[in-house]
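Enquirer: First the structure, then my questions, so here it is.
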Amino acid sequence: MAAAYKDQEFVEFVVKSIVNHPEDVKAERTVDDRGVLITLHINQEDMGYVIGRQGQTARALRILLKTVGAKDNARVNLKIYEPDEMRREHQEKKGSSPSLSSSRPPARRSHGEAGMVSDEDLADLGI
Numbered sequence: 072m073a074a075a076y077k078d079q080e081f082v083e084f085v086v087k088s089i090v091n092h093p094e095d096v097k098a099e100r101t102v103d104d105r106g107v108l109i110t111l112h113i114n115q116e117d118m119g120y121v122i123g124r125q126g127q128t129a130r131a132l133r134i135l136l137k138t139v140g141a142k143d144n145a146r147v148n149l150k151i152y153e154p155d156e157m158r159r160e161h162q163e164k165k166g167s168s169p170s171l172s173s174s175r176p177p178a179r180r181s182h183g184e185a186g187m188v189s190d191e192d193l194a195d196l197g198i
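Numbering (the working numbering), first residue to last: 72 to 198.
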């Protein structure tokens, strides 16, 4: 098993404390030239607890995680994994189709990962 890092352990501890299915919480840590990326996998029923009203919980978690990373001079980002079918449901609720093009150019993804909830996604949802 891979060694756990402080930032990864921090995310898992906090998220397990606020969800109903802590056994499903898993944080994957990857490092590239842009810094550290923590990808958070959770039970879909707990998505609302982790994102929070207007994205406040996810935003606060990202701020705290960046602070933990700064202690070790690391740039740490958090992505919340969201399966493709959940993304389609969200887009349908917004009244748009994933295949329709928007007048706005696509948002630049910092790590280029499909199926991740980013700050841009939260902004698109009005969060």
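For glycine and all other residues, C-beta sits at the position ideal for the given N, C-alpha and C.
Values in this document were obtained by computation on a predicted structure and should not be read as measured data.
(1) Could you round the C-beta distance between Gly78 and Val121 to whole angstroms and report it? I think they count as a contact, below 8 Å.
(2) To the nearest angstrom, how far is the alpha carbon of Thr128 from that of Val90?
(3) Give the single residue among Leu111, Arg124, Asp190, Asn148 whose Cα lies nearest to the Cα of Glu99.
(4) Beta carbon of Asp143, beta carbon of Asn114: below 8 Å?
(5) Let's see if you can read the secondary structure: which residues bound the alpha helix (DSSP H) around Tyr120?
(6) DSSP on Ala272, reduced to helix/strand/coil?
(7) Just mark Arg146 as buried or exposed, buried being the case when its beta carbon has 16 or more other beta carbons within 10 Å.
(8) Measure the CB-CB distance between Val86 and Ile109 and report whether it falls below 8 Å.
(9) Within 10 angstroms of its Cβ, does Ser88 collect 16 or more other Cβ (buried), or is it exposed?
(10) My output table needs one value for Asp78: the three-state DSSP class, helix, strand or coil.
Expert: So, from the data block:
(1) Sequence check: residue 78 is Asp here, not Gly. No, Asp78 and Val121 are not in contact; Cβ-Cβ is about 16 Å, not under 8 Å.
(2) 12 Å
(3) Leu111
(4) no
(5) 118-122
(6) Coverage of the chain is limited to positions 72 through 198, which leaves residue 272 absent and any answer about it impossible.
(7) exposed
(8) no
(9) exposed
(10) helix
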